[in-house]
Amino acid sequence: MKQLVAFDLDGTLALSKQAIQPDMGEALADLLGVAHVAVISGGDWPQFDKQVASNLPARADLSKLWLMPTTGTKLYTHQSGSWQAVYAELFSDEEKAKILKAFDEALEATGFVPEQTWGERIENRGSQITFSALGQQAPLEAKEKWDPDFAKRKVIQADLKQRLPGLAINMGGSTSIDITREGVDKAYGLKKLRDASGIPLDAMMFVGDAIFPGGNDYPAKELGLDTVKVRDPQETLSVIATVVACGK
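The numbering of the sequence shown is numbering that gives the first Met the number 0, which starts it at 0 and goes up by one.
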């Protein structure tokens with residue numbers, strides 16, 4: 000039995016940018032009864048609060064929940080009745096300007112012009128800069144149809160890698176590309192979690208929907224964790240039920 004189960008967020012615990020459903024909240028509360036739980040994803044803290052933290056049942060043991068926004072470059076734990084930031088690693092102004100310029104150039108060079116966008120397409124999350132192809136407020140249906148096989152983003156990703164050597168560029172969610180400092184990916188975040196929690200990596204498992212080369216969950220597999228690839232939150236519920244059954 001693993002001491003900690005770590006999850007991706009969008010596509011794994013919830014639909015993109017959506018709150019976890021009540022059955023997922025109950026399942027996570029059950030899991031927190033037998034193990035520590037971590038959530039690591041590209042979104043920033045407000046998104047984590049909206050999607051996860053504020054949607055857990057009162058019975059959930061929050062002292063065993065580790066929330067890791069922006070691919071683990073931030074860590075939040077529940078202390079003295081509220082969520083507190085344990086650490087945050089932020090880009091400098093110079094780094095941010097360089098990344099934003101590269102995004103503009105890459106999109107122009109690859110000829111990517113979506114038919115319609117909803118809201119801002121590039122978001123500065125402090126320790127991560129994220130490109131959302133259809134905009135931050137795009138409806139779920141449009142996002143799911145846009146790039147289901149990651150083919151469109153792979154073209155943009157390849158161009159960005161030429162322009163931004165020394166930075167990590169990974170695809171996440173259903174329409175996004177995340178840029179962090181070199182070496183910052185979910186493996187990096189999970190090692191930071193090991194250090195903060197005292198739980199060794201071989202006592203962790205990881206569940207995600209993008210565990211394939213180029214996917215932003217794949218570094219967890221490369222790190223050597225036991226991983227479970229899921230299709231969607233419904234399949235994640237089955238994985239959690241199995242883990243809880245084994246832990247009782």
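Every residue, glycine too, gets a C-beta built ideally from N, C-alpha and C.
Note that this is a predicted model, so its numbers are computed, not measured.
Beta-carbon separation (whole angstroms), residue i vs residue j, contact threshold 8 Å
i, j, result
"Pro70", "Asp177", "What sits at residue 70 in the sequence shown is Thr, not Pro. Confirmed, Cβ separation roughly 6 Å."
"Lys185", "Ala137", "That belief does not hold up - the Cβ atoms of Lys185 and Ala137 are roughly 24 Å apart, past 8 Å."
"Thr174", "Lys142", "5 Å"
"Val36", "Leu30", "6 Å"
"Ala34", "Gly246", "6 Å"
"Ser15", "Leu139", "6 Å"
"Ala132", "Trp145", "6 Å"
"Arg58", "Ala105", "Contact doesn't hold; Cβ gap of about 47 Å is too wide."
Residue(s) in a DSSP beta bridge with residue i
i, result
"Trp65", "Ala37"
"Asp177", "Thr129, Asn169"
"Trp82", "His77"
"Val227", "Val206"
"Ala150", "For Ala150, which the question treats as bridged, DSSP gives no partner whatsoever."
"Asp9", "Ala13"
"Ala87", "Lys73"
Residue i - containing alpha helix (DSSP H), residue span
i, result
"Glu122", "Not the alpha helix (DSSP H): Glu122 falls in the beta strand (DSSP E), residues 121 to 123."
"Phe47", "44 to 50"
"Asp194", "185 to 196"
"Ile239", "232 to 246"
"Ile98", "92 to 109"
"Gly24", "21 to 31"
"Ala141", "139 to 145"
"Ala59", "No alpha helix (DSSP H) holds Ala59; DSSP gives it neither H nor E."
"Ala18", "Run containing Ala18: none; DSSP gives neither H nor E here."
Limits of the beta strand (DSSP E) - the one that residue i falls within
i, result
"Val206", "203 to 207"
"Val4", "3 to 6"
* Asked: Taking contact to mean at least 3 C-beta pairs separated by less than 8 Å, is the region 87 to 95 in contact with the region 56 to 73?
  -> With the cut-off at 8 Å, the region 87 to 95 and the region 56 to 73 touch.
* Hey, is the region 203 to 213 in contact with the region 227 to 242, meaning 3+ C-beta pairs nearer than 8 Å? -> The region 203 to 213 is in contact with the region 227 to 242.
* Please confirm if the region 152 to 161 is in contact with the region 39 to 52, defined as three or more CB-CB distances below 8 Å between the two stretches. => Because the criterion of three Cβ pairs below 8 Å is not met, the region 152 to 161 and the region 39 to 52 do not touch.
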